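To start, the structure itself, in structure tokens.
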């Protein structure tokens, strides 16, 4: 290529371009950082490495680089922004009389970077906010632990054999962008899950009630789900909260894009990856409002605890804890006071030619092969409230 005898193009320096990089706790991290640094140098682009971070922390720093008003573009800026809002939110909210909220939490860290970073976050929080017992901090990443392991298997992670059935437990994934809650069941290894659907519904209920209390009617509130969402979560949102969820194809890019069409857009995949995004209209009516009602203050502070840039296990955990305290919920209360999950199962079935399966946009029904969907509908119609769908796994297609 021109300007190079090695077959690699060279570019003039790009003074306004910047690559911001970080790594999680995988052994490949330093090698990949060096490769990224070399690539940036080749293109004449400035390069910053922030060392060991969770994926959401890196997203936060990139956001601050592009929008300095959002916060300080450093790891400490992440802790300060979120913890300050969390502390203020707890002060404004209080706790109801007769509360069953349990301040103790047992956290499965997936042997990932989230362990170290959540410990650091705790240094910025009031000692009486809640007490975290950290487990699975230093072993093999995601081995018999982590959000995916618990969600898919619906079983306890390693080193949780001793937990009581009333204990509130949660799991991060390896890079701390997913969060699920769970509790043990009986003497075995089974669990009751409070997954992304339960988190989304808890947030939607809280925000809807706060908007009503603040008498704010100008803002649109939406929830985005995929075909994997539990049917009873959809039903609860429609019939109790008063929100008809929007369905999109599986994948964060689809959920995030759809959520931005609302003034307040909530999206969570069932696997625990999700967040809440806010529009400029929300900024004008809520964040920049001089109204001093408690409901308005709660909305302002809630929006600052959330990491709206991307799904964030640490920020989402603080949001969930603040809402459980607001409602006075134990983990069992959370399980029973919203909705009961409809029984569900996921099966992976090998087929001769997966390319023949074509679905509707939201992946809830088959268009091809012709006639298959009608047979599915006939079977499903025999059971009240049941549904079924078939889709090709993205990583196989």
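In full-length UniProt numbering, the protein residues as written are 1 to 397. Note that the Cβ used here is the ideal one computed from N, Cα and C, for glycine as well. For clarity, every value in this text was computed on a predicted model and none was experimentally measured.
- Runs of the beta strand (DSSP E) lying entirely within the region 92–167, each at least 3 residues long, are 104–108 and 131–135 in chain order.
- Residue 181 sits in a strand when the DSSP states are folded into three classes.
- Restricted to the region 339–383, the alpha helix (DSSP H) segments that are unbroken, complete and at least 4 residues in length are 372–380, listed in chain order.
- Going by DSSP, residue 264 is part of the beta strand (DSSP E) stretching over 264–268.
- Taking the C-beta atoms as reference points, residue 112 is found nearer than 8 Å to residue 24.
- Setting aside the 5 residues that flank it on each side, residue 294 is surrounded in the same chain by 92, each with a C-beta closer than 7 Å to its C-beta; the list follows chain order.
- In the three-state DSSP reduction, residue 64 falls in the helix class (H, G or I).
- The Cβ atoms of residue 108 and residue 136 lie closer than 8 Å to each other.
- Ranking 247, 197, 352 and 383 by CA distance to the CA of residue 338 puts 197 first.
- Contact check between the region 211–230 and the region 266–285: three or more CB pairs, one atom from each, fall below 8 Å, which counts as touching.
- By the Cβ criterion, the region 282–293 is not in contact with the region 24–38, since fewer than three pairs of Cβ atoms, one from each stretch, lie closer than 8 Å.
- Listed as beta-bridge partners of residue 190 by DSSP are 155.
- With respect to the 8 Å criterion, residue 184 and residue 170 are not classified as neighbours on the basis of their beta carbons.
- For residue 102, the closest of 151, 163, 283 and 328 by C-alpha to C-alpha distance is 328.
- Closest option to residue 252, judged by alpha-carbon separation, among 239, 276 and 354: 276.
- Cβ-Cβ distances below 6 Å link residue 228 to 270 in the same chain, with the five nearest sequence neighbours on each side left out; the list follows chain order.
- In the DSSP assignment, residue 28 forms no beta bridge with any residue.
- Between the alpha carbons of residue 53 and residue 188 lies a gap of roughly 35 Å.
- The beta carbons of residue 356 and residue 343 sit no closer together than 8 Å.
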